[in-house]
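> The following block contains the structure, expressed as structure tokens.
In this note's numbering, the protein residues as written are 284 to 388.
Here is the structure:
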């Protein structure tokens, strides 16, 4: 999804417009996560960018997309650009020590 969301609409309260934008973003994440995962892939991962325009958009984590939209709204922006691209995610298993040294009490 690459989209410019208006944060101000005539005749609508700005808080309701902001909530509608956040709802649409959350709905998109949910829809993408519910898609079938291809063989050899563990989950859907996302590349996210948020900014006032496509040129000034900064990379953010999935958990930071809503916060970045809130920040733009509090700054008084008329538009916010959100880019969310899904990609394949594979779990990486961290190597653990065979045995941790035990301490005598």
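Ideal Cβ positions, reconstructed from N, Cα and C, are used throughout, including at glycine.
Given a threshold of 16 other Cβ atoms within 10 Å of its Cβ, counted over all protein chains shown, does residue 301 qualify as buried or as exposed?
Residue 301 is buried by the Cβ-count criterion.
> Assess, as a yes-or-no matter, whether the segment 295-309 is touched by the segment 369-381 under the definition of 3 or more beta carbon pairs within less than 8 Å.
Contact fails: fewer than three Cβ-Cβ distances are below 8 Å.
> Identify, in the order they occur along the chain, each residue of the same chain with its Cβ nearer than 6 Å to the Cβ of residue 292, setting aside the five sequence neighbours on each side.
These residues qualify, in order along the chain: 300.
> At the level of alpha carbons, what is the spacing between residue 322 and residue 361?
Approximately 42 Å between the Cα atoms of the pair.
> Does the distance from the C-beta atom of residue 343 to that of residue 332 stay below 8 Å?
For residue 343 and residue 332, yes; Cβs fall inside 8 Å.
> Whole angstroms is fine: what's the gap from residue 284's alpha carbon to residue 310's?
Their Cα atoms are separated by approximately 12 Å.
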